[in-house]
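Enquirer:
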Ligand code: ASP
């Protein structure tokens with residue numbers, strides 16, 4: 003039993019997604035509208051939550067209500083500010099974020115990159131989601147929320163993590179890996195951090211540690227900035243060319259000049275000779291080029307095509323966020 007002195011608050015921030023989605027037909031798990039139900043109502047419909055909370059208080063706040071395919075910088079800024087605000091409160095033990103599955107890995111990586119390391123190395127930020135809408139015959143959201151709260155309260159938990167289908171993934175490694183199944187996320191060859199089994203955690207590796215990559219003042223800038231640098235992702239494939247990169251270098255009136263390109267290269271960072279030449283032209287014009295891999299597992303080893311930077315193990319979408327932050331902060 004927890005003594006009164008040790009009772010803490012868990013804050014759940016809602017951003018939308020399928021977990022908050024509804025459909026007029028309970029048997030329809032794909033023809034629904036995401037982001038319809040408020041986070042307070044979602045929590046009210048989780049059986050067993052009071053038991054898992056064991057006297058701790060649950061607070062909720064609606065930060066946004068979006069389908070995460072439409073996630074953008076304005077929501078990210080609001081979310082980072084609210085997470086930081088709540089984590090800074092000594093009474094708050096953890097923050098849970100409900101999110102769509104489509105871009106969850108990007109939001110998780112963004113939060114890990116911009117939140118003060120001292121805060122997230124002391125308390126967990128737990129993102130959770132669902133593959134079926136709240137109105138489904140058999141929704142997965144309530145169980146995922148229950149598991150997320152269990153993780154939020156687990157002794158020693160810290161860092162930005164994602165919880166889905168009984169599995170805890172680190173922000174660095176998590177990737178949506180299935181279009182339909184409930185177990186839609188993977189940590190690739192890094193493996194998950196833990197499993198959640200009936201509210202208990204089976205820890206497989208250490209909780210993620212964040213490193214303070216940027217100065218505190220620089221992060222303040224990100225949270226208010228309106229002009230995010232334009233960084234695009236291109237892919238290498240058989241029969242590819244440099245046409246897309248060359249087109250992106252032309253700044254049409256009213257569009258923002260290209261500042262960076264992440265290439266989802268083949269294999270260990272290999273590039274079609276024509277795409278490579280176009281990327282070289284872009285780099286010569288001052289555009290930052292980073293090579294990631296379109297492979298779901300593994301990392302681009304630094305030796306492949308040394309003239310372009312490698313993504314340090316980040317997937318293309320996460321490498322894009324890292325490059326944007328780098329362009330803004332360094
Ligand atoms: N399109 C939805 C979203 O990302 C998918 C989901 O949540 O599963 O918000």
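Residue numbers (my numbering): 3 to 332. For glycine and all other residues, C-beta sits at the position ideal for the given N, C-alpha and C.
Express the C-alpha separation of residue 111 and residue 70 in angstroms, rounding to a whole number.
Expert: In a straight line, the C-alpha of residue 70 is about 14 Å away from that of residue 111.
Enquirer: Run through DSSP, which three-state label would residue 289 get?
Expert: The answer is coil: DSSP assigns residue 289 none of H, G, I, E or B.
Enquirer: Look up residue 312 in the DSSP assignment and say whether it is helix, strand or coil.
Expert: If DSSP states are grouped into helix, strand and coil, residue 312 belongs with the strands.
Enquirer: My output table needs one value for residue 133: the three-state DSSP class, helix, strand or coil.
Expert: Looking at residue 133 - three-state DSSP - the assignment turns out to be coil, as it is neither helix nor strand.
Enquirer: Let's see if you can read the secondary structure: which residues bound the alpha helix (DSSP H) around residue 172?
Expert: From DSSP, residue 172 is part of no alpha helix (DSSP H) but of the beta strand (DSSP E) over 169-172.
Enquirer: Let's see if you can read the secondary structure: which residues bound the beta strand (DSSP E) around residue 326?
Expert: Run containing residue 326: none in the beta strand (DSSP E); it sits in the alpha helix (DSSP H), 318-331.
Enquirer: Nearest-angstrom Cα distance between residue 310 and residue 224?
Expert: In a straight line, the C-alpha of residue 310 is about 26 Å away from that of residue 224.
Enquirer: Return the chain-ordered list of same chain residues with a C-beta closer than 7 Å to the C-beta of residue 160, the five sequence neighbours on each side being excluded.
Expert: Around residue 160: 122, 123, 124, 125, 126, 209.
Enquirer: Could you check whether residue 212 and residue 162 sit closer than 9 Å to each other, using their CB atoms as the reference points?
Expert: Cβ atoms of residue 162 and residue 212: closer than 9 Å.
Enquirer: Would residue 48 pass as a contact of residue 117 if the rule is Cβ separation under 9 Å?
Expert: Contact flag unset, no.
Enquirer: Take residue 329 and list the residues in its own chain whose beta-carbon comes closer than 8 Å to its own, dropping the five residues that flank it on each side.
Expert: The residues are 231, 233, 261, 262, 290.
Enquirer: How many angstroms separate the CA atom of residue 315 from the CA atom of residue 109?
Expert: Going by the C-alpha atoms only, they are around 17 Å apart.
Enquirer: Verify whether the separation of the beta carbon atoms of residue 190 and residue 300 is less than 9 Å.
Expert: Yes; because the gap between Cβ atoms is below 9 Å, this pair is in contact.
Enquirer: Is residue 58 near ligand 1, in the sense that its beta carbon is under 8 Å from a heavy atom of that ligand?
Expert: No - ligand 1 has no heavy atom lying nearer than 8 Å to the Cβ of residue 58.
Enquirer: Say whether the stretch 151-158 touches the stretch 94-109, bearing in mind that this needs 3 or more beta-carbon pairs closer than 8 Å, one atom from each stretch.
Expert: Segments in contact, yes.
Enquirer: Taking 5 Å as the limit, name every residue whose beta carbon sits nearer than that to some heavy atom of ligand 1, in sequence order.
Expert: Here the list is 19, 20, 36, 69, 70, 71, 102, 103, 104.
Enquirer: In terms of alpha-carbon separation, which member of 205, 23, 308, 187 lies closest to residue 195?
Expert: Nearest C-alpha to residue 195: 205.
Enquirer: Here's a check: name, in chain order, each residue in its chain whose Cβ is nearer than 8 Å to the Cβ of residue 235, leaving out the five neighbours to either side.
Expert: For residue 235, where only same-chain residues beyond five positions count, the Cβ hits under 8 Å are 263, 264, 265, 266, 318, 319, 322.
Enquirer: If you follow the alpha helix (DSSP H) that residue 115 is in, where does it begin and where does it stop?
Expert: Taken as a continuous stretch (DSSP letters only), the alpha helix (DSSP H) holding residue 115 covers 106-116.
Enquirer: Provide the residue(s) that pair with residue 126 in DSSP beta bridges, ordered along the chain.
Expert: The partner list for residue 126 (beta bridge, DSSP) reads 161.
Enquirer: Using the rule of at least 16 other Cβ atoms within 10 Å of the residue's Cβ for burial, across every protein chain shown, is residue 8 buried or exposed?
Expert: So residue 8 ends up on the exposed side.
Enquirer: DSSP three-state label for residue 227, please.
Expert: Looking at residue 227 - three-state DSSP - the assignment turns out to be coil, as it is neither helix nor strand.
Enquirer: For the stretch 176-184 against the stretch 280-287, are there 3 or more C-beta pairs whose distance is under 8 Å?
Expert: No, the stretch 176-184 does not touch the stretch 280-287.
Enquirer: The alpha helix (DSSP H) that contains residue 84, what's its start and end?
Expert: Taken as a continuous stretch (DSSP letters only), the alpha helix (DSSP H) holding residue 84 covers 75-89.
Enquirer: Can you pull the DSSP bridge partners for residue 197?
Expert: Residue 197 pairs with 169, 204.
Enquirer: When DSSP labels each residue in this structure, what does residue 294 get in the three-state scheme?
Expert: In the structure shown, residue 294 sits in a strand (DSSP, three-state: E or B).
Enquirer: With 16 other CB atoms within 10 Å as the buried threshold, where does residue 114 fall?
Expert: When all chains shown are included, residue 114 counts as buried.
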